[in-house]
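All residue numbers for the sequence shown refer to the working numbering, where the first residue is 2 and numbers rise by one. Glycine is no exception: its CB is placed at the ideal position from the N, C-alpha and C atoms. Given the structure is predicted, the values throughout are model-derived calculations rather than measurements. Worksheet: one structure, shown below.
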Amino acid sequence: MSAKLTSARTLVVKIGSSTLVDAATGALARAWLAAFAADVARVKARGQNVVLVSSGAIALGRRTLKLNTGAVKLEEAQAAAAVGQIGLAHAWSEALAAHGLTVAQVLLTLGDTENRRRYLNARSTLKTLLALGSIPVINENDTVATAEIRFGDNDRLAARVTGMIEADCLVLLSDIDGLYASDPRRNANARFISEVKAITPEIDAMAGASGSDMGSGGMTTKIMAARIATDAGANMVIAKGAVHQPLHAIEQGAHCTWFLASASPAAARKRWIAGALKPSGQITIDAGAANALTQGKSLLPAGVVAVDGMFERGDCVAVKDQSGREVARGLIAYGSDDARKILKAKSGEIETILGYRGRSEMIHRDDMALTRS
Ligand code: GLU
């Protein structure tokens, strides 16, 4: 079981407020955090990328603002998040700096993972941060996220981030150790589910029955997260966060529930590009470029002979050969106006033509799926 964690290239770990902030006092669980930082440093030293999705801003901010302990209005929760996020980011930065690790704060909204342009920007920033060896610490941008555009729970935010960066493992650290067939608080013999191969209606029903007030998002949002993550090609695990060094505990076979990925992250992403997105335009490429694409190469501006339609950077376009046959679909790095200006140009000429240094590829191979069989 633990191999799914130890062999992952990139791990996304979600830490819930109940793990990070003491419920009684509203104070940061410093001893836990210090131990967890050592756990992260150990995983990182093994060569794995780590991205953290941390809740706790609202819980910390409420304490500072002396908001009552009961339900608060949405705008009060947002105000609390604005205050608490500073302390939260600082705590992570300090805890990981003790191991020589650099922390980057990234605040996202639902829209940032849905709108393709913002999605592409967030994705390349996160990938760059990982390439530079730092640890992104992500939270929802609660200040600007109103009711309709909120995730509201970091379980789903973490799952979306997992798909966005093609991480291969998502760890949800929770106040419960996994999925039970019924509510373990009411039924001491509730059956524990240690592995889920497919999220069937039966699994959904278990989530409903296992109690919805456990953890910030409850079991139902955890199953929603599992669906997003496994569809995106990642394995997901729900495990108890409260133990010191929970990642180590999972590696050692702690009681937890694994949800198995449906495909590899790269295959899942290509499936999404090829099947789920409607092309907003099309580009025609020459024979040399068509040949390069079949060999798994990126599409360079030099191979593009025509650009049709209006689209923006990050949109999905159909790529056709000169006989009009579709050969691929991909997320294009330039909007249609700029794409027209740089067609047939060498990558080195892009800056002179456009006045800014764009990407060398018109469509990067990671953003492209071949559609001609
Ligand atoms: N973004 C919220 C916070 O930092 C937490 C959301 C959640 O707990 O899932 O307090």
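Task: Rounded straight-line distance, which links the Cα of Arg330 to that of Lys279 - done: Residue 279 sits at position 278 when you count from the first residue of the sequence shown. Residue 330 sits at position 329 when you count from the first residue of the sequence shown. Approximately 10 Å, taken between the alpha carbons.
Open item on the list: For Glu76, count the other beta carbons within 10 Å of its own beta carbon; 16 or more makes it buried, fewer makes it exposed. Which is it?
Closed with: By one-based count along the sequence shown, residue 76 stands at place 75. By the Cβ-count criterion, Glu76 is exposed, with fewer than 16 other Cβ atoms from all chains shown falling within 10 Å of its own Cβ.
TODO: Find out if the Cβ-Cβ distance for the pair Cys317, Ser281 is shorter than 8 Å.
DONE: Within the sequence shown, residue 317 is the residue found at index 316, counting from 1. Within the sequence shown, residue 281 is the residue found at index 280, counting from 1. The answer is yes: Cβ separation under 8 Å.
Open item on the list: Would you say the beta carbon of Ile59 is closer than 7 Å to some non-hydrogen atom of the ligand GLU?
Closed with: The residue you call residue 59 lines up with position 58 of the sequence shown. Ile59: yes, Cβ under 7 Å from the ligand GLU.
TODO: Determine the DSSP secondary structure at Val14, reduced to helix, strand or coil.
DONE: As a first step, residue 14 is located in the sequence shown; it is residue number 13 there, counting from the start. DSSP places Val14 in the strand class (E or B) of the three-state scheme.
Open item on the list: Quick check: Val104 and Ser135, are their CB atoms within less than 8 Å of each other?
Closed with: Taking the first residue of the sequence shown as position 1, residue 104 is located at position 103. Taking the first residue of the sequence shown as position 1, residue 135 is located at position 134. Taking C-beta atoms as the reference points, Val104 and Ser135 count as a pair closer than 8 Å.
Open item on the list: Looking only at its chain, what residues have a beta carbon closer than 7 Å to the beta carbon of His245, apart from the 5 residues adjacent to it on each side?
Closed with: Numbered from 1 along the sequence shown, position 244 holds the residue referred to as residue 245. So the list reads Trp33 and Ala36, once near-sequence residues are dropped.
Task: Residues sharing a beta bridge with Ile239, DSSP - done: Position 238 of the sequence shown, counted from the start, is the residue given in the question as residue 239. Leu173 and Thr258.
Task: DSSP bridge partner residues for Gly356 (one or two, in chain order) - done: Here residue 356 is taken as the residue at index 355 of the sequence shown, counted from 1. DSSP lists no partner for Gly356.
Open item on the list: Under 8 Å, with one C-beta from each stretch per pair, do the stretch 58-66 and the stretch 19-30 reach the 3-pair mark?
Closed with: yes
Open item on the list: I believe Lys1 touches Asn155 by the beta-carbon criterion, under 8 Å. Please report the beta-carbon distance rounded to the nearest angstrom.
Closed with: Within the shown structure, residues of the chain are numbered from 2 to 374, placing residue 1 beyond reach of any answer.
Task: Cα-Cα separation between Pro302 and Asp287, rounded to whole angstroms - done: Along the sequence shown, read from residue 1 onward, the residue named residue 302 stands at position 301. Along the sequence shown, read from residue 1 onward, the residue named residue 287 stands at position 286. If you draw a straight line from the Cα of Pro302 to the Cα of Asp287, it is about 11 Å long.
Task: Collapsed DSSP secondary structure at Phe152 in the structure displayed - done: As a position in the sequence shown, residue 152 is number 151, starting the count at 1. Looking at Phe152 - three-state DSSP - the assignment turns out to be coil, as it is neither helix nor strand.
Task: Residues that DSSP places opposite Ile139 in a beta bridge - done: Counted from its first residue, the sequence shown places residue 139 at position 138. Its beta-bridge partners are Val54 and Val107.
- [ ] Using the Cα positions of Val51 and Glu95, report the straight-line distance between them to the nearest angstrom.
- [x] Looking up residue 51 in the sequence shown gives position 50. Looking up residue 95 in the sequence shown gives position 94. Between the alpha carbons of Val51 and Glu95 lies a gap of roughly 17 Å.
Task: Same chain, Cβ closer than 8 Å to Arg272, neighbours up to 5 away in sequence not counted - done: Counting from one through the sequence shown, the residue named residue 272 turns up at place 271. Around Arg272: Ala264 and Ala370.
TODO: Return the CA-CA distance between Gly199 and Met165, expressed in angstroms with no decimal places.
DONE: Position 198 of the sequence shown, counted from the first residue, corresponds to residue 199. Position 164 of the sequence shown, counted from the first residue, corresponds to residue 165. With the sequence shown as reference, residue 199 is identified as Ala, and Gly is not the correct amino acid for it. If you take the alpha carbons of Ala199 and Met165, they lie about 21 Å apart.
Open item on the list: Please determine whether the Cβ atom of Ala35 lies at a distance below 7 Å from any heavy atom of the ligand GLU.
Closed with: The residue given as residue 35 occupies position 34 in the sequence shown. For the ligand GLU, not one heavy atom lies less than 7 Å from the Cβ of Ala35.
Task: Met363 to Ile343 span [Cα, whole Å] - done: On the sequence shown, position 362 is the one that residue 363 refers to. On the sequence shown, position 342 is the one that residue 343 refers to. Rounded to whole angstroms, Met363 to Ile343 spans 9 Å at the Cα level.
- [ ] Compute the Euclidean distance between the alpha carbons of Trp93 and Arg157, then round it to the nearest angstrom.
- [x] Translated into the one-based positions of the sequence shown, residue 93 becomes position 92. Translated into the one-based positions of the sequence shown, residue 157 becomes position 156. The C-alpha of Trp93 lies about 21 Å from the C-alpha of Arg157.
Task: Asn155 CB to nearest heavy atom of the ligand NAP below 7 Å - done: No copy of the ligand NAP occurs in the structure displayed; its ligands are the ligand GLU alone.
Open item on the list: Looking at the strands, I want to know which residues DSSP matches up with Ala307.
Closed with: Along the sequence shown, read from residue 1 onward, the residue named residue 307 stands at position 306. In DSSP, Ala307 forms a bridge with Thr285.
Task: Closer than 7 Å: Asn381 CB and nearest the ligand GLU heavy atom - done: Outside the shown range of the chain, which is 2 to 374, sits residue 381, and nothing can be said about it.
Task: Limits of the alpha helix (DSSP H) - the one that Leu34 falls within - done: Along the sequence shown, read from residue 1 onward, the residue named residue 34 stands at position 33. First-last of the alpha helix (DSSP H) with Leu34: Arg31 to Ala46.
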